[in-house]
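Engineer:
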Amino acid sequence: MFFGPSLASNRTFTTVADNQQTVQFPVFQGERVNCEDNTSLGEFTLAPIPPMKAGDAVLEVVFEVDVNGILKVTATEKTSGRSANITISNSVGKLSSGEIESMINDAEKFKNSDEAFSKKFEARQQLESYISRVEEIVSDPTMSLKLKRGTKDKIESALSDAMGQLEIEDSTSDDLKKKELALKRVVTKAMSTR
73 MFFGPSLASN RTFTTVADNQ QTVQFPVFQG ERVNCEDNTS LGEFTLAPIP
123 PMKAGDAVLE VVFEVDVNGI LKVTATEKTS GRSANITISN SVGKLSSGEI
173 ESMINDAEKF KNSDEAFSKK FEARQQLESY ISRVEEIVSD PTMSLKLKRG
223 TKDKIESALS DAMGQLEIED STSDDLKKKE LALKRVVTKA MSTR
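Using the numbering used here, the first residue of the sequence shown is number 73, and each one after it goes up by one.
(1) Can you pull the DSSP bridge partners for residue 133?
(2) Buried or exposed for residue 245, please, with buried defined as at least 16 other CB atoms from any protein chain shown within 10 angstroms of its CB.
(3) Compare the C-alpha of residue 205 against each of 143, 227 and 217 and name the closest.
(4) In the DSSP assignment, find the unbroken beta strand (DSSP E) run with residue 101 in it and report its ends.
(5) Would you list the one or two residues that DSSP bridges to residue 115?
(6) Are the beta-carbon atoms belonging to residue 100 and residue 113 less than 8 Å from one another?
(7) Within 10 angstroms of its Cβ, does residue 197 collect 16 or more other Cβ (buried), or is it exposed?
(8) Between the segment 108 to 122 and the segment 142 to 162, can you find at least three pairs of beta-carbon atoms closer than 8 Å?
(9) Can at least three beta-carbon pairs, one atom from the segment 186 to 196 and one from the segment 219 to 235, be found at a separation below 8 Å?
(10) Here's a check: name, in chain order, each residue in its chain whose Cβ is nearer than 8 Å to the Cβ of residue 216, leaving out the five neighbours to either side.
(11) CA-CA distance, residue 317 and residue 219?
(12) Would you list the residues sitting across from residue 159 in a DSSP beta bridge?
(13) Output the residue ranges of the alpha helix (DSSP H) runs that lie fully inside the segment 191 to 244 and measure 4 residues or longer, sorted by chain position.
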């Protein structure tokens, strides 16, 4: 009998909200970009983690599959060392070879829509992040005083437009990128004419 090493890979994630102290980690099996299109195997929670600004926490997630097909997913918050994990036996959520082949075929069939979904998701995240930074600038009393009269109103109007674009369900990645660019132009112009 041969007992080889387990297969492992890791990915790094972060928080999405300021002072977030809990992170849910859903675990999926499948080849599709959108998690909803894959098979849920379970989920676990990492908590409490130290409160930080959104994006500052470093959450390392390690995926290990042993020779028996048992999956162990462990998440660790790097500054505190706190970790949590889930172990999924090969019987839970195990797909037949036919189901796996079907999922691979679906992944190929839906490749273009998955790429569009991925681009839209990235554009949405970039726009949300930029909106957050601009909101910090506008709400900073020191910065507000430095802006010329009417400039703050222009920034707030562009902010409102960008936020409105986020609310439109069928926005494309191009729509989101255009709003981010428009907001950047207004902010850049406002900052250069102080």
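We treat Cβ as the ideally placed atom computed from N, Cα and C, and that holds for glycine.
Structural biologist: On the basis of the data shown:
(1) In the DSSP output, where bridge partners are listed per residue, residue 133 has 83 and 147.
(2) By the 10 Å Cβ count, residue 245 comes out buried.
(3) Per the Cα distances, 227.
(4) Per DSSP, residue 101 is one residue of the beta strand (DSSP E) stretching across 95 to 101.
(5) Beta bridge pairing from DSSP links residue 115 with 98.
(6) In this structure, residue 113 lies closer than 8 Å to residue 100 by Cβ.
(7) It is exposed - the Cβ of residue 197 has fewer than 16 other Cβ atoms within 10 Å.
(8) Enough Cβ pairs lie closer than 8 Å, so yes.
(9) With the cut-off at 8 Å, the segment 186 to 196 and the segment 219 to 235 do not touch.
(10) Here the set comprises 210 and 224.
(11) Residue 317 lies beyond the residue range present for the chain, which begins at 73 and ends at 266; the question has no answer from this structure.
(12) Its beta-bridge partners are 144.
(13) Annotation note: the segment 191 to 244 contains the following uninterrupted alpha helix (DSSP H) runs of length 4 or greater, listed N- to C-terminal: 213 to 218 and 223 to 239.
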